[in-house]
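Enquirer: Residues in the sequence shown are numbered from 51 upward in steps of one, following my numbering.
Backbone N, C-alpha and C fix where the C-beta goes; we use that ideal spot for every residue, glycine too.
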Amino acid sequence: MAVIAGNWKMHHGPNEALDFLSDFDVDAVPSSHELIVFPSNLSLHALATAEQRDSRVQVGVQNVYWEDSGAFTGEISASMAKDAGAAFALIGHSERRHVFGETDLQTQWKVDIVVSSGLVPVLCVGETIEERKAGLVEEVILRQLEVALDSLCSAPRFLVAYEPVWAIGTGETATPEDATFAHGTLRRRLERALSAPHASRVPILYGGSVKPGNAAELMEARDVDGLLVGGASLDATSFSQIAAAAG
Numbered sequence: 051m052a053v054i055a056g057n058w059k060m061h062h063g064p065n066e067a068l069d070f071l072s073d074f075d076v077d078a079v080p081s082s083h084e085l086i087v088f089p090s091n092l093s094l095h096a097l098a099t100a101e102q103r104d105s106r107v108q109v110g111v112q113n114v115y116w117e118d119s120g121a122f123t124g125e126i127s128a129s130m131a132k133d134a135g136a137a138f139a140l141i142g143h144s145e146r147r148h149v150f151g152e153t154d155l156q157t158q159w160k161v162d163i164v165v166s167s168g169l170v171p172v173l174c175v176g177e178t179i180e181e182r183k184a185g186l187v188e189e190v191i192l193r194q195l196e197v198a199l200d201s202l203c204s205a206p207r208f209l210v211a212y213e214p215v216w217a218i219g220t221g222e223t224a225t226p227e228d229a230t231f232a233h234g235t236l237r238r239r240l241e242r243a244l245s246a247p248h249a250s251r252v253p254i255l256y257g258g259s260v261k262p263g264n265a266a267e268l269m270e271a272r273d274v275d276g277l278l279v280g281g282a283s284l285d286a287t288s289f290s291q292i293a294a295a296a297g
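#1: Do SER105 and VAL114 come within 8 Å of each other at the CB atom, strictly closer than that value?
#2: Please work out which residues of its chain come closer than 8 Å, Cβ to Cβ, to PHE74, disregarding the five sequence neighbours upstream and downstream, and give them in chain order.
#3: Just how far apart, CA to CA, sit ALA98 and ALA184?
#4: Assuming ILE254 contacts VAL190 (C-beta within less than 8 Å), just tell me the rounded distance between them.
#5: Is the separation between the beta-carbon of LEU140 and that of GLY110 shorter than 8 Å?
#6: Going by CA-CA distance only, name the one from VAL53, HIS83, CYS203, HIS233 that's closest to SER245.
#7: If you run the structure through DSSP and keep just helix, strand and coil, what is ASN113?
#8: How many Å lie between PHE208 and LYS261 at the Cα?
#9: Please say whether GLN158 and SER129 have beta carbons closer to each other than 8 Å?
#10: List the endpoints of the continuous beta strand (DSSP E) containing VAL172.
#11: Less than 8 Å between C-beta atoms, sequence neighbours within five positions excluded: which residues of the same chain meet that for GLU267?
#12: Return the residue from the list ALA232, THR123, THR178, LYS132 that minimises the CA-CA distance to HIS148.
#13: Does the beta-carbon distance from ALA232 to TYR212 come in below 8 Å?
#14: Please classify ILE126: does DSSP put it in a helix, a strand, or coil?
#15: Exposed or buried, what is GLY88 when buried is set at 16 or more other beta-carbons lying within 10 Å of its beta-carbon?
#16: Would a C-beta distance cut-off of 8 Å place LEU306 and ILE54 closer than the cut-off?
#17: Does the distance from the C-beta atom of VAL187 to that of LEU173 stay below 8 Å?
#18: Within 10 angstroms of the Cβ of PRO247, are there 16 or more other Cβ atoms? Answer buried if so, exposed if not.
#19: Count the other CB atoms within 10 Å of the CB of LEU71; is the residue buried (16 or more) or exposed (fewer)?
#20: What does a CB cutoff of less than 7 Å around ALA137 pick up in its chain, not counting 5 residues either side in sequence?
#21: What do you get for LEU195, buried or exposed, if any count of 16 or more other CB atoms within 10 angstroms of its CB means buried?
#22: Determine the DSSP secondary structure at ALA205, reduced to helix, strand or coil.
#23: Start and end of the beta strand (DSSP E) containing PHE150?
Pasting the structure below:
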C-alpha cells in the first residue's frame, strides 16, 4: 500500500475543490493506495462531506493551533478541524517553519493537541539547502522528529513526511539515493522508539517537487512508502497520474 497525499496550500476554494473531486479519476489508482488531500480550511467541510458520499479521497487539515479554543484570531483548532470532517493533520510543514517561523517546540505542542483530538498526525521534517551543504541532513531531520516522538508514539497511528526544503517549489527533486538516506535515517530512529514491526508500519512519505514523471522512481527508493505532493496535486489529472504511477 502506498499513501499519496496532496497539499493544496492556499489554493482551491470550495467550488474548485468539488470540481477537483468530480474530475479525479479514482479508477486509475490502485485500490490498495490510500489517498489524502489537505485542502484550505474554507474547503475542508465541503470536500469532507462530498468524500463521505462517493470518494476514496480522505481529507486532512493543513495546520492547527496548539490550544483547543480561545482568543486566537485567525486560528483553527484540531477539534474544529475534526468536526469539519478532517481525519488527518499536517504538522511542521516547511512553510510553517520557514515562512511563519514555527519552532520545534510549537510543532511539538501541535502534535500533542492533534493526538489528543483523535486526528492522525502527519509530521513534516526536512533540511534547508544551507543545512544540506553543511552535511547536517541527519542531524536536522532527527531533531525535528525527536521533539514530537513521544506524542507520536502514543498515537494509534501517525505518518512522517520527509520534505527537503530546497526541493519544494523549486523544480529540484531529491534523488532516490537522497530519499533512501533520509528515510532510512528516520526509520532507524522509529525502530529504536517502537518495535521494529511497528516501526515498519509507519508510512514515511517523500515530498518535494513530486510530478507524474518522477513518482515511480521515487517510490522505488527504499523506505519510501508514499508521496506528499504540492503543486502537482492541484490538477486532478496530474494527481491521479502520480497516484497511478506510484503503484
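Expert: Quick look at the numbers:
#1: The Cβ-Cβ distance between VAL114 and SER105 does not fall below 8 Å.
#2: Exclusion of the five residues before and after PHE74 leaves SER105, VAL107, ALA286, PHE289, SER290 as the residues of its chain whose Cβ lies within less than 8 Å of its Cβ.
#3: Between the alpha carbons of ALA98 and ALA184 lies a gap of roughly 42 Å.
#4: With a Cβ gap of about 16 Å, ILE254 and VAL190 do not count as contacting.
#5: Cβ atoms of LEU140 and GLY110: closer than 8 Å.
#6: Among VAL53, HIS83, CYS203, HIS233, the Cα nearest to that of SER245 is on CYS203.
#7: If DSSP states are grouped into helix, strand and coil, ASN113 belongs with coil.
#8: Cα to Cα, the separation comes out at about 24 Å.
#9: By the CB criterion at 8 Å, SER129 and GLN158 fall outside the cutoff.
#10: Secondary structure note for VAL172: its beta strand (DSSP E) is the uninterrupted segment 170-175.
#11: Excluding residues within five positions, the ones whose Cβ falls inside 8 Å are PRO226.
#12: Closest by alpha carbon: THR178.
#13: Going by beta carbons, ALA232 and TYR212 fall inside the 8 Å limit.
#14: Reduced to three states, the DSSP call for ILE126 is coil.
#15: The sequence given here places Phe at residue 88; Gly does not occur at that position. Residue environment analysis places PHE88 among the buried positions, since at least 16 neighbouring C-beta atoms fall within 10 angstroms of its C-beta.
#16: Given that the chain is displayed from residue 51 to residue 297, the structure contains no residue 306 and the question cannot be resolved.
#17: For VAL187 and LEU173, no; Cβs fall outside 8 Å.
#18: When all chains shown are included, PRO247 counts as exposed.
#19: It counts as buried.
#20: Taken in chain order, the residues that qualify are GLN108, VAL109, GLY110, LEU169, VAL170.
#21: Buried, because 16 or more other Cβ atoms sit within 10 Å of the Cβ of LEU195.
#22: ALA205: coil per DSSP, three-state reduction.
#23: Premise fails: PHE150 is in no beta strand (DSSP E) and is neither H nor E.
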